[in-house]
Amino acid sequence: MNKPKFQKRSLFMLAYVVFALLPIYWMVNMSFKTNNEILAGFTLFPNHFTLENYKTILTDPAWYSGYINSLIYVGINTVISLLVALPAAYAFSRYTFLGDKHVFFWLLTNRMTPPAVFLLPFFQLYTSVGLMDTHIAVALVHLLFNVPLAVWILEGFMSGIPREIDETAYIDGYTFPHFFVRIFIPLIKAGVGVAAFFCFMFSWVELLLARTLTSVNAKPIAATMTRTVSASGMDWATLAAAGVLTIVPGAIVIWFVRNYIAKGFAMGRV
Amino acid sequence: MSTTTKPVNQKAWFLILPMLLCVAFSAVLPLMVVVNYSVQDIISPERRVFVGTEWFAAIMRDEELHGALLRQITYSFAVLAVELPLGILLALSMPAKGWKSSAALVIVSLSLLIPWNVVGTIWQIFGRTDIGLMGAALQGMGIEYSYTGNALHAWLTVLLMDVWHWTPLVALLGYAGLRSIPDAYYQAASIDGASKLDVFWYVQLPKMRGVLMIAVLLRFMDSFMIYTEPFVLTGGGPGNSTTFLSQFLTQKAVGQFDLGPAAAFSLIYFLIILLMCFVLYNWMQRVGTQAKEAGHE
Amino acid sequence: MARIELDLAHAYRPKPQQDSDYALLPLKMTFEDGGAYALLGPSGCGKTTLLNIMSGLVTPSQGGVKFDGQDVTQRTPQQRNIAQVFQFPVIYDTMTVAENLAFPLRNRKMPAAQIKQRVGAIADMLELGDQLNQRAANLAADAKQKISLGRGLVRPDVSAVLFDEPLTVIDPHLKWQLRRKLKQIHHELKLTLIYVTHDQVEALTFADQVVVMTRGRAVQVGSATDLFERPRHTFVGHFIGSPGMNFLAGRSDGAVFETVGASLPLAAGLALPSGNYKLGVRPEYLTLAPANVPGALAMEVRQVQDVGTHVILSAVREGALLKARLAPDSTQLKVGDTAWLQVMGAHTCFYKDDEIVA
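Protein chains in written order, with our numbering: chain A, 1 to 270; chain B, 1001 to 1297; chain C, 2001 to 2358.
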């Protein structure tokens, strides 16, 4: 490897890491302080280190239920998105059929719709079928933008696999489901990892629709966090702690899919 | 979609049926409702008057809308101009193997997994001159920094927040694209005596075209629809300097509670994004083809 | 063009204890300038590793590589001036065919006029002349492989061209065309060509000398004829030929070879001290003999396959299977008959511990 270039790149990487972590560090810093300390002065490190804020969140059901609710509907959504996207992406990648280009484009247009546009219709729809304030409602609503994205990403990865592999499998006597699950999906593991990651991500962070469709039972953590203003002013400390805790599930998800994102394609290993 | 010869098979419809049902349920039904509202004057839940295209015409004439649209377009282009090169550079700098690779992936992706209101909150705090690191630092350097009072400062802060938040998306997609390039290409380039710049321009960038296209489209669409983060950070201010289209729509719909015009605007909003994406997509396809035909130089 | 000398070994770990720790067991080999060689062997035998060591993509853990007497072990592929063609076509998608071929020369700052002439010459040789201005990405796999090859040939001073199973993605009916083209190029340019493959037909038709490898060992280097007539290792006997060599295990007492319940007299002058041996004889050299002739075995016919150009007769005796390749219409034998096969002859080889002794 060319030595000087190598150093330049890792220097840039280091600079970006600092840039990325600085605001987060600041929030973590704040989460270990009391409100008084935050408003009183400016310290790079808490003078009086306290875990009070975290305790509040982990013991108060109003807070921690928010996390659990979010995790539930995000999980449901990711699973459904992948289950319907995988066969669809395969169809787009391998076959031509009547209307295929139009359907593909229509799919993408769903990703382009501002969620604000569907606010009221969703509200009325889910109220009328009695699914308001349920996890499944939010999970279904998020399918709107996650499924097109998953199909898009998976189709791209699938098209990189030579069709000879499919044909060889059929010649070897595999049935389609067997081939799809045992042979094909492992080959596109990177794609599945990326798609799962993005489904999780876009569902986890979405606030507007999730808040509109829930009130008590399925309220996500993001909605809970918008209610930290009290008589004594903004509760910065608890807010900061809550924010830090919203990053944790995401970090865990990335950790699990990191190998799939990192691996390249295996060429013709079947 | 790839356009090499694919066999015709109408049975493929079975494979896409589950997906169609899911998305249709989440999309077509609500859309029909919106279209329904957009051509009516809803004076009260019981009294509705069909007004045809009246709302659409009114919106096109709205000066405030033009202002918001212009602000939005400028913003989206600024976002793309910064995040695309930065994201590619980041993807190239991220280690490919080992523990450093996993660590880099986790750290870079962190900002993507923060709920959008929390992103707004983080930067709201970060930029304050009394309790925020950045605000205090800028003030310490002698700059009269205020994202609540100064329109340019507000713009730059919102842009910086978006770059911090979303560049990793471009980087992750680029990274996945890079990892799928077989070693043989690098080996052949080395044997051919190619410089590092050559390798980037002739091997890496062409092979990343697919994922970068996804990145550009995603970033453009999402920046055009942006709502939560700027709303939490600046509330659209000072004045309306950081009021972009989504906020404009919500203000009109919620504030004035006029469903008809709001629905009409929603449709126009959607169509604008659709049109721009269509143009962008075709332009990128053509640029890609031209580049291939003419070669480089 | 260069003469390549190898004296090396390559182990998976720093302190190799046994044979399985080695990807390549210690070997010494010379590839003469301008020769066409093939590295032949099954998957995992180390042939690609050997190729990559020669090209410089891998550094051997022990020993070194010399080009024309100079030690190049630490040099990069670019510095060694080799060209390598991979299993799948490696081309620059955004460039035309002409630009692809010109790329290595441009990087060496060759004058434009010279580049144009050189590219034209190589393109004509590869029959890509009328596709020079097409986008390389749109061509078929075999054309792309030709471009990959062309990028290697276009350099006037290329030392050797190394091929790593280059016909893998080529349609079968185009493979022979490319093989013929490679032979033509070898004839015209007189380059050192080294070709890795697991297909014996490719190896035997392409190369003057074939290196047969198995499990990290080069077991024999020789021409197609040598490998066929006198395989030095049972693996070579078994791998080369279709079907491969027949083997019979038995004992010698100096005068007679006992196997499958028969005594076969050893030819005078054939020194085979007492011990256990394997007798090897190719199906092509097994002939039908009249009954009870010395050196012939009585066997029961199990299968008679008429392959058109020849007949393959499979026969057994005491659990041992022999296959003979006979001319068509040379026999009326059917399944169940007794056939007498002459096993001893000029082409019969004897192996001790899998290595040839006589």
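Just so you know, even glycine gets a beta-carbon here, dropped at the ideal spot from N, CA and C.
Cβ neighbour criterion (16 or more within 10 Å) applied to residue i
| i | result |
| --- | --- |
| M1141 of chain B | exposed |
| W250 of chain A | The question names Trp, yet the displayed sequence has Gly at residue 250 of chain A. Buried is the call here. |
| P2156 of chain C | exposed |
| R2108 of chain C | exposed |
| K2144 of chain C | buried |
| Q2079 of chain C | exposed |
| P61 of chain A | exposed |
| H2173 of chain C | exposed |
| L58 of chain A | exposed |
| I1043 of chain B | exposed |
| E2127 of chain C | exposed |
| W63 of chain A | buried |
| P2294 of chain C | exposed |
| T1003 of chain B | Legend: pLDDT at T1003 of chain B = 44, less than 50; position of this residue unreliable, no value from coordinates given. |
| W1055 of chain B | buried |
| N217 of chain A | exposed |
| I252 of chain A | exposed |
| T1121 of chain B | buried |
| Y1145 of chain B | buried |
Rounded distance between the beta-carbons of residue j and residue i, thought under 8 angstroms
| i | j | result |
| --- | --- | --- |
| H2187 of chain C | L2193 of chain C | Not really, about 11 angstroms apart at Cβ, beyond 8 angstroms. |
| V2281 of chain C | E2318 of chain C | About 17 angstroms; that fails the 8 angstroms criterion. |
| F1265 of chain B | L1249 of chain B | 6 angstroms |
| L208 of chain A | Y1227 of chain B | 7 angstroms |
| T2094 of chain C | L2132 of chain C | That belief does not hold up - the Cβ atoms of T2094 of chain C and L2132 of chain C are roughly 16 angstroms apart, past 8 angstroms. |
| V1033 of chain B | P115 of chain A | Actually they are not in contact, since the Cβ atoms of V1033 of chain B and P115 of chain A sit about 14 angstroms apart, beyond 8 angstroms. |
| L2279 of chain C | F2228 of chain C | Actually they do not touch by this definition, with Cβ atoms about 17 angstroms apart. |
| V2072 of chain C | V2065 of chain C | 6 angstroms |
| L1080 of chain B | R9 of chain A | Not really, about 23 angstroms apart at Cβ, beyond 8 angstroms. |
Residue i - containing beta strand (DSSP E), residue span
| i | result |
| --- | --- |
| F2067 of chain C | Q2062 to F2067 |
| N2246 of chain C | N2246 to S2252 |
| E2300 of chain C | A2296 to D2306 |
| F2350 of chain C | C2349 to K2352 |
| I1042 of chain B | Q1040 to I1042 |
| N2276 of chain C | G2275 to V2281 |
| D2164 of chain C | A2160 to D2164 |
| V2311 of chain C | V2311 to R2317 |
| F1050 of chain B | R1048 to F1050 |
Proximal residues to residue i (C-beta, below 8 angstroms), its chain only, five neighbours per side dropped
| i | result |
| --- | --- |
| L2191 of chain C | M2001, G2034, L2153, V2158, A2160, V2161 and I2185 |
Boundaries (first-last residue) of the alpha helix (DSSP H) holding residue i
| i | result |
| --- | --- |
| Y126 of chain A | P115 to S128 |
| P1206 of chain B | L1205 to F1224 |
| N217 of chain A | Premise fails: N217 of chain A is in no alpha helix (DSSP H) and is neither H nor E. |
| T2030 of chain C | Premise fails: T2030 of chain C lies in the beta strand (DSSP E), Y2022 to F2031, not in any alpha helix (DSSP H). |
| I2053 of chain C | K2047 to S2055 |
| A2009 of chain C | Careful: A2009 of chain C lies outside any alpha helix (DSSP H), inside the beta strand (DSSP E) at I2004 to A2011. |
| Y64 of chain A | P61 to R94 |
Sequence-distant residues of its chain with Cβ nearer than 7 angstroms to residue i (five each side left out)
| i | result |
| --- | --- |
| S232 of chain A | At S232 of chain A the pLDDT is 49, less than 50, meaning the model places this residue with poor confidence; the figure from the coordinates comes in the next sentence. Hits under 7 angstroms: none found. |
| I2122 of chain C | L2101, G2150, L2153 and V2154 |
| L86 of chain A | L154 |
| K2352 of chain C | G2275 and Y2277 |
Close Cβ partners of residue i (< 6 angstroms) along its chain, the five nearest in sequence each way excluded
| i | result |
| --- | --- |
| I1181 of chain B | K1207 |
| S301 of chain A | Limits of chain A in this structure are 1 at one end and 270 at the other, which puts residue 301 of chain A out of reach. |
| V2211 of chain C | L2039, A2218 and V2221 |
| N225 of chain A | Asn is not the amino acid found at residue 225 of chain A; the sequence shown has Met there. Excluding sequence neighbours, M225 of chain A sits near A242. |
| V2357 of chain C | F2350 |
| P46 of chain A | F32 and K33 |
Residue i CB to nearest heavy atom of the ligand HEM below 7 angstroms
| i | result |
| --- | --- |
| T2205 of chain C | This structure lacks the ligand HEM; in fact it carries no ligand of any kind. |
If contact means a Cβ-Cβ distance below 9 angstroms, which residues of the region 2090-2101 of chain C contact chain B? V2090, I2091, Y2092, D2093, T2094, M2095, T2096, A2098 and E2099
Interface positions of the region 10-31 of chain A facing chain B (Cβ-Cβ less than 8 angstroms), listed along the chain: S10, F12, M13, Y16, V17, F19, A20, L21, L22, P23, I24, W26, M27 and M30
Check distances from the C-beta atoms of the region 1186-1207 of chain B to those of chain C and list, in chain order, the residues that come in under 9 angstroms. Q1187, A1188, A1189, S1190, I1191, D1192, G1193, A1194, S1195, D1198, W1201, Y1202, V1203, L1205, P1206 and K1207
Residues of the region 82-112 of chain A with Cβ closer than 8 angstroms to any Cβ of chain B, in chain order: L83, V84, A85, P87, A88, Y90, A91, F92, S93, R94, Y95, T96, F97, L98, D100, K101, V103, F104, L107, L108, T109, N110, R111 and M112
Compile a chain-ordered list of the residues in the region 2237-2260 of chain C whose CB is closer than 7 angstroms to at least one CB of chain B. none
Under 9 angstroms (Cβ pairs) to chain A, residues found in the region 1120-1142 of chain B: The region 1120-1142 of chain B vs chain A, Cβ under 9 angstroms: T1121, I1122, W1123, I1125, F1126, D1130, I1131, G1132, L1133, M1134 and A1136.
Members of the region 116-134 of chain A near chain B, C-beta cut-off 9 angstroms: Cβ contacts with chain B: A116, V117, F118, L119, L120, P121, F122, Q124 and L125.
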